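Here the protein sequences line up with chains G and S, keeping their order.
Position in the first sequence counted from 1, then plus 351, gives you this note's numbering.
Position in the second sequence counted from 1, then plus 351, gives you this note's numbering.
Quick notes on the structure that follows.
Protein chains: 2
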Amino acid sequence: MQNTADDILKRNQLSITSSRKKILNLFLHGTGALSHGDIEKKAGEKFDRVTIYRTLQTFVDKGIIHSIPTADNSIHYALCKDDCSSGHHDNHVHFICSNCGNTICLEDVTVPPIKLPKGFISSQVEMIVSGVCSHCM
Amino acid sequence: MQNTADDILKRNQLSITSSRKKILNLFLHGTGALSHGDIEKKAGEKFDRVTIYRTLQTFVDKGIIHSIPTADNSIHYALCKDDCSSGHHDNHVHFICSNCGNTICLEDVTVPPIKLPKGFISSQVEMIVSGVCSHCM
DNA sequence: TATACAAACGCAACTTTGTTGCAAAAAATA
DNA sequence: TATTTTTTGCAACAAAGTTGCGTTTGTATA
Chain G
352 MQNTADDILK
362 RNQLSITSSR
372 KKILNLFLHG
382 TGALSHGDIE
392 KKAGEKFDRV
402 TIYRTLQTFV
412 DKGIIHSIPT
422 ADNSIHYALC
432 KDDCSSGHHD
442 NHVHFICSNC
452 GNTICLEDVT
462 VPPIKLPKGF
472 ISSQVEMIVS
482 GVCSHCM
Chain S
352 MQNTADDILK
362 RNQLSITSSR
372 KKILNLFLHG
382 TGALSHGDIE
392 KKAGEKFDRV
402 TIYRTLQTFV
412 DKGIIHSIPT
422 ADNSIHYALC
432 KDDCSSGHHD
442 NHVHFICSNC
452 GNTICLEDVT
462 VPPIKLPKGF
472 ISSQVEMIVS
482 GVCSHCM
């Protein structure tokens, strides 16, 4: 199973367009998570803002990327390592570096199970750790 | 130590204004977390939007309320139970009900410790659980 | 309690962010 | 290559957030 932009799009039954390829490549060749704004900057004047919104939405729906909530009203997106086409299950911890600002998926750190009070039923758990990343130490 | 709006404002060396009192009372007498939009609705035509923005920012800075990241680009705010005037340390779990939409601080559920990869240093951990709350069961 | 000073508020104008409908352009299919 | 379907870009809009400034309100001092 290859993981070029073309392969991923094909596997998810998406038309292979230059916008999708370029945005997907930003994720494939970049290090961390990207916000809409990041993509707009990195892509330069290349695409319309609307295209970016729609492309990100499509990728989330297909399970190619997942969204990471942040405390500053700027959703970040990152590649799903596993196949999330039948519902997202990215139960790893996300790390936001307060120095470089990068958001990193700690794929190897799984979210620990927690015991909720009576009557609460959990369907998804997000864990976001802030601090200093290994590059900025 | 009292916890009326006036007391809290006084304790934090903030002028006691009617806007601050009303917004603070929404938190004191409400059940869950509130977004900027919630406050705007609940307060009716009472204050200017700008005042709400500035008041929330002041409260966060003073450690009276803390912000809760969400996946839909709408930061929620909730009262800090402890005194967070010297840095926030609200290490409890937040629950977002997918039915009623309420965000609830599970004060009794503490965030379990996690082991980060080498070189990462954690300063704050957020844990957001989505699902169905005890009222909506 | 009246006055002076400082802080907070409200307004207006603006910037940024996100959404929707539709015609043109580009992919997929035959 | 021709036809159909999907995606894109544009325009216009709606919502969210910011900034500067004059006016009002709260606080401190006499």
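A virtual CB, placed ideally from N, CA and C, is assigned to each residue, including glycine.
A quick note: this is a predicted structure, and the numbers were derived from the prediction, not measured.
Test item: CB-CB of residue i and residue j under 8 angstroms
{"i": "K393/G", "j": "L407/G", "result": "no"}
{"i": "F446/G", "j": "C484/G", "result": "yes"}
{"i": "E477/G", "j": "I465/S", "result": "no"}
{"i": "L379/S", "j": "L360/S", "result": "no"}
{"i": "S369/G", "j": "I426/G", "result": "no"}
{"i": "S481/S", "j": "Q475/G", "result": "yes"}
{"i": "P463/S", "j": "P463/G", "result": "yes"}
{"i": "R400/S", "j": "E391/S", "result": "yes"}
Top-ranked residue by Cα proximity to residue i, from the options
{"i": "V444/G", "options": "I419/S, F471/S, D441/S", "result": "F471/S"}
{"i": "N442/G", "options": "N424/G, S473/G, T409/G, L375/G", "result": "S473/G"}
{"i": "R371/G", "options": "L467/G, T402/G, I455/G", "result": "T402/G"}
{"i": "T454/G", "options": "G438/G, A422/G, E391/G, R400/G", "result": "A422/G"}
{"i": "V460/G", "options": "L467/S, T461/S, C456/S, E458/S", "result": "L467/S"}
{"i": "T382/S", "options": "E391/S, K469/S, D434/S, C451/S", "result": "C451/S"}
{"i": "A384/G", "options": "Y428/G, Y404/G, P420/G, V462/G", "result": "Y428/G"}
{"i": "F410/G", "options": "D434/G, C456/G, F398/G", "result": "D434/G"}
{"i": "H440/G", "options": "C448/G, N424/G, H417/G, L457/G", "result": "H417/G"}
Closer than 8 angstroms to chain S by CB, residue i
{"i": "H385/G", "result": "Looking at the sequence provided, one finds Leu at residue 385/G rather than His. Output row for L385/G: interface = no."}
{"i": "N424/G", "result": "yes"}
Spatial neighbours of residue i in its chain, beta-carbon cut-off 8 angstroms, leaving aside the 5 residues before and after
{"i": "N354/G", "result": "L379"}
{"i": "S436/S", "result": "N363, K413, G414"}
{"i": "G438/S", "result": "G414"}
{"i": "G357/S", "result": "A small correction: the amino acid at residue 357/S is Asp; Gly does not occupy that position in the sequence shown. Closer than 8 angstroms at Cβ, skipping near neighbours: I367, K372."}
{"i": "S449/G", "result": "S481, G482, V483"}
Below-8 angstroms beta-carbon distance, residue i vs any chain G residue
{"i": "I390/S", "result": "no"}
{"i": "F471/S", "result": "yes"}
{"i": "L467/S", "result": "yes"}
Contact set for residue i: own chain, Cβ-Cβ below 6 angstroms, skip 5 residues either direction
{"i": "K432/G", "result": "E458"}
{"i": "F398/S", "result": "S370"}
{"i": "L430/G", "result": "F378, I416"}
Spatial neighbours of residue i in its chain, beta-carbon cut-off 7 angstroms, leaving aside the 5 residues before and after
{"i": "G388/G", "result": "S425"}
{"i": "G395/G", "result": "none"}
Could you run through the stretch 435-458 of chain G and flag, in chain order, every residue whose CB is less than 8 angstroms away from some CB of chain S? V444, F446, S449, L457
Can you give me, in chain order, the residues of the stretch 474-487 of chain G that have a beta carbon less than 7 angstroms from any beta carbon in chain S? S474, Q475, V476, E477, M478, I479, V480, S481, G482, V483, C484, S485
What residues from the stretch 398-422 of chain G come within 7 angstroms of chain S, judged by C-beta to C-beta, listed N to C? S418, P420, T421, A422
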